[in-house]
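Colleague:
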Amino acid sequence: MIEGIIVLVAALLVPIVLHVTEDALQVLRERTGSAQGARMTWGKRITWALLALVAAHFFVPKGLLEPAPPPPPPLPQAALFNADSLWSGADTSRLASLNDSLEAVIRYGRELIANTSHYLGQQGTVMRNTNGLNCQNCHLDAGTRPWGNNYGAVWSTYPKFRARSGGLESVAKRVNDCVERSLNGTALDTNGREMRSILTYMEWLGTGIARDEKPKGTGIVDMAYLDRAADPEKGAAVYLTKCSSCHGKDGQGMLKADGRTQQYPPLWGPLSYNHGAGLYRLSRFAGYVKNNMPQGATYASPQLTDEEAWDVAAFVNSQPRPGRDLSADWPDISKKPVDHPFGPYADPFTASQHKLGPFGPIAAHYKLNGTKSSQTGKP
Ligand code: HEC
Ligand code: HEC
């Protein structure tokens, strides 16, 4: 706008100068007797044309005469971190910069994580090989939520040695671990479209995370141990007041209106995770619910005290659920996590203490013997 006004003032100066010189010339001509009457001269015409142009400039829509802005550069496929420096997943709007077929594969992988039951559940449209849980029930927001058991460190840390199987595990093997245990189902074909899509999604989620790096906020938080055993009776009271409204007094959850998929997943019984699943370990369950349950709680606004989390874990994991043959797990028994509830053990503690705690003395025992690396004895 300012520019326009400057141009207008400058343009107005031109006719003034021209008129003045014109008049001066007119006077000269009259004196020399060559006057030709009051006729518009070329100078004046040009001046008026210029003025019209400047005036028109104000009415031309903005931007019409400017060159089109260059298209925005493609969004980088980078790892995202929130204000607390916790990894918070990649933004799906960034998928637009990938080629269409890759984008479609990643979107299908994400869809399988979020709505697993629709495709692989009891009435699945692709196959019927799981209990009907969604991966997302435990890996929140399709595996992207900080401290929501997310997948931030999957692509950067696998293949890796895992003491549970005693071997090198690929991402596909780890995914199938959850299919067979958390979803109490049968393994996916590692070359099938579903597994390949899930792997591609995980690879994309891991973009920008260096090999062996485990960003802050990935997985499940390691909580401090209680100095007592977790108490299923206290946990029952917590369950009744803080969990049963959604998961049901009988722990069986609630189906959606479609009658095919779950609104609230079951926490025990035939459609829940089996004895070999990660959540069956008290530290995993307590760490998961502490930052994520009741629904709406987050790491930044937890709704359970540490004691409530441990106790409700003890209550839920004391209810009946499907079993699994675990005889091949933990071939080196000294590598069992302190909260692995099935013997035999390489220590003098009882199975009950391995199930409910107190875990501190077990961890201290192994620390003395130098056989377990981390606080929870996580593999
Ligand atoms: C009932 C809860 C539950 C469900 C459902 C579930 N998982 Fe898991 N998953 C876990 C737990 C617990 C862990 C171990 C986390 C830990 O030890 O910190 C885990 C670990 C993983 C890991 C390894 C993460 C890492 O960083 O090492 C992958 C990959 C994974 N799950 C994939 C899946 C997929 C894919 C599905 C769906 C087919 C699925 N999970 C369903 C509970 C679940
Ligand atoms: C307001 C409803 C609501 C309440 C209350 C609630 N949950 Fe959940 N819970 C959910 C939903 C919904 C999911 C699945 C999350 C998703 O898919 O995004 C879930 C998932 C879970 C899971 C993992 C999936 C599974 O079936 O194993 C566990 C464990 C869990 N809740 C435990 C608890 C505990 C313990 C409490 C009480 C401290 C609780 N929840 C309270 C709604 C609730």
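In my numbering, the protein residues as written are 172 to 550.
Even for Gly, the Cβ is constructed at its ideal location relative to N, Cα and C.
Closest to Y451 by CA distance: which of L497, Y372 and Y470 is it?
Modeller: L497
Colleague: Taking 8 Å as the CB-CB limit, is E340 close to chain D?
Modeller: Among the protein chains of the structure shown there is no chain D, as only one such chain exists.
Colleague: Mapping the DSSP letters down to three states, classify L283 as helix, strand or coil.
Modeller: For L283, the secondary structure class from DSSP, reduced to helix, strand or coil, is helix.
Colleague: Can you tell me where the alpha helix (DSSP H) with Y435 in it begins and where it stops?
Modeller: Per DSSP, Y435 belongs to no alpha helix (DSSP H); it is in the beta strand (DSSP E), Q433 to Y435.
Colleague: Hey, would you say W326 sits closer than 8 Å to N462, going by beta carbons?
Modeller: Annotated as distal: W326 and N462, with beta-carbon spacing of 8 Å or more.
Colleague: Going by C-alpha distance, which of V487, G390 and R345 is nearest K331?
Modeller: R345
Colleague: Could you say which of P529, F252, Y444 and L304 lies nearest to R431 if we only look at CA atoms?
Modeller: L304
Colleague: Is there contact here, the region 254 to 263 with the region 353 to 365, by at least three beta-carbon pairs under 8 Å?
Modeller: Taking 8 Å as the limit for Cβ pairs, the verdict is that the region 353 to 365 does not touch the region 254 to 263.
Colleague: Spatial neighbours of Q546 within its chain, please: CB distance less than 7 Å, with the 5 preceding and 5 following residues excluded, ordered by chain position.
Modeller: Model confidence at Q546 stands at a pLDDT of 42, short of 50, so the residue's coordinates are unreliable; what they give is reported in the following sentence. D393 and A534.
Colleague: In terms of residue numbering, what span does the alpha helix (DSSP H) encompassing L539 cover?
Modeller: G531 to N540
Colleague: Name the DSSP beta bridge partners of G338, please?
Modeller: In DSSP, G338 forms a bridge with R333.
Colleague: Take A522 as the anchor and find which of N347, T218, A275 and P512 has the nearest alpha-carbon.
Modeller: Of the listed residues, the one whose Cα sits closest to A522 is P512.
Colleague: Per DSSP, what kind of secondary structure is L376 in: helix, strand or coil?
Modeller: helix
Colleague: Provide the residue span of the alpha helix (DSSP H) that contains W439, from first to last.
Modeller: It is not in any alpha helix (DSSP H) - W439 carries neither H nor E in the DSSP assignment.
Colleague: Do you know offhand how far L221's Cα is from L235's?
Modeller: 20 Å
Colleague: Does DSSP put G390 in a helix, in a strand, or in coil?
Modeller: strand
Colleague: Closest to A343 by C-alpha separation, out of G337, G422 and T371, would be which residue?
Modeller: T371
Colleague: What is the residue span of the alpha helix (DSSP H) that D117 lies within?
Modeller: In the structure as shown, the chain starts at 172 and stops at 550, and residue 117 therefore has no counterpart that could be examined.
Colleague: Given G323, which residues of its chain have a CB within under 6 Å of its CB, disregarding the five upstream and five downstream residues?
Modeller: Cβ within range, chain order: W258, P386 and T389.
Colleague: On the CB-based measure, 16 or more other CB atoms within 10 Å of its CB, does T192 come out buried or exposed?
Modeller: exposed
Colleague: Buried or exposed: K526, going by 16 or more other Cβ atoms within 10 Å of its Cβ?
Modeller: buried
Colleague: I need the DSSP call for W481, collapsed to helix, strand or coil.
Modeller: Correct three-state label for W481: helix.
Colleague: Does any heavy atom of ligand 2 sit closer than 7 Å to the C-beta of L453?
Modeller: no
Colleague: I want to check one thing, is the minimum distance from the CB of N445 to the heavy atoms of ligand 2 below 7 Å?
Modeller: no
Colleague: Per DSSP, what kind of secondary structure is W258 in: helix, strand or coil?
Modeller: strand
Colleague: If you count every other CB in all the chains shown that lies within 10 Å of the CB of F530, and 16 or more means buried, which is it?
Modeller: buried
Colleague: Using the Cβ count rule (16 or more neighbours within 10 Å means buried), how would you classify T476?
Modeller: exposed
Colleague: When the distance is taken between beta carbons, is G337 closer than 8 Å to D503?
Modeller: yes
Colleague: So, is N540 buried or exposed, given that buried needs 16 or more other C-beta atoms within 10 angstroms?
Modeller: exposed
Colleague: Beta-carbon within less than 8 Å of I380's beta-carbon, same chain only, minus the 5 sequence neighbours each way: which residues are those?
Modeller: A250, W258, G323, A324, W326, S327 and P386
Colleague: What residues in its chain sit with their C-beta under 8 Å from that of P550, if we drop five residues either side in the sequence?
Modeller: In this predicted model, P550 has a pLDDT of only 37, less than 50, meaning its place in the structure is not dependable; the value taken from the coordinates is given anyway. Within the same chain, P550 has close Cβ partners R333, A334, R335, K506 and P508.
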